[in-house]
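Visitor: My questions all concern the structure below.
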Amino acid sequence: MGYYFSPRQTQERSLDEALDQALNEDMIPDDIHYDDRSILDSFSFRLPHRRRPVVQVILVRTSAIDAIMNFHSTIVMNVITFRSAYSFFPRSTFIKKIGICFDEDISQSAAAKYTSRGWSLVNELDEAEYYELGGEIRRGERYVGDSWTWTIDLNIE
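Position one of the sequence shown corresponds to residue 174 (the working numbering), numbered consecutively onward.
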């Protein structure tokens, strides 16, 4: 048996109604824990009789990449498409296990989630750490496929 929609207390019980509610709301629900205005809502899916794992689908106003690049920290700035997987901050995320926070007001629950999984969260890097990460943390635009992004092509045949 597959995953089923697991609504939050404030969401409609059926996925169709919850989607309709999200698309027609003027305000982002308070209980989704995302400050980004590009995110309309999130939807959780679980296996029957199990709390974990949870698959979370996030409904965005415009571009999924835009929403991801505006998340609280570098830890979650990874994307999987049908063709490839991308990590925008691979050295800090997977080699150093450091999350650089862009939002100093990251919630305690979000911070606890990642520190319990082995990451350190920092608001700034010292000069040695900055150079050790090879330029992936810098001012300016980042984009899919730039020289700091890890790209892993998936076998789609």
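We put the beta carbon where it would ideally sit given N, CA and C, even for glycine.
Since we're looking at a predicted model, the values are computed, not measured.
#1: Give the range of the beta strand (DSSP E) segment to which Thr288 is assigned.
#2: For the segment 228-286, which segments carrying the alpha helix (DSSP H) assignment without a break, of at least 4 residues, lie completely within its bounds, in sequence order?
#3: Please report the distance separating the alpha-carbon of His222 from that of Tyr176.
#4: Taking the beta strand (DSSP E) that Asp299 belongs to, which residues open and close that run?
#5: Residues in the same chain with beta-carbon distance under 7 Å from Gly308, minus the five sequence neighbours each way, listed in chain order, please.
#6: In whole angstroms, what separates the C-alpha of Ser293 from that of Ser215?
#7: I want to know whether the segment 265-285 touches the segment 233-253 - three or more CB-CB distances under 8 Å.
#8: If contacts are defined as beta-carbon pairs under 8 Å, then Ile271 and Val252 qualify, I think. What distance do you get, rounded to the angstrom?
#9: Taking Cβ positions only, does Phe244 come closer than 8 Å to chain C?
Guide: This is what the structure gives:
#1: Note, Thr288: premise wrong, no beta strand (DSSP E); alpha helix (DSSP H) at Gln281 to Thr288.
#2: 237-241
#3: 10 Å
#4: Here Asp299 belongs to no beta strand (DSSP E), and DSSP marks it neither H nor E.
#5: Excluding sequence neighbours, Gly308 sits near Trp321.
#6: 26 Å
#7: Contact holds: three or more Cβ-Cβ distances are below 8 Å.
#8: The pair is not a contact, with the Cβ atoms about 19 Å apart (cut-off 8 Å).
#9: The displayed structure is made up of one protein chain only, and chain C is not part of it.
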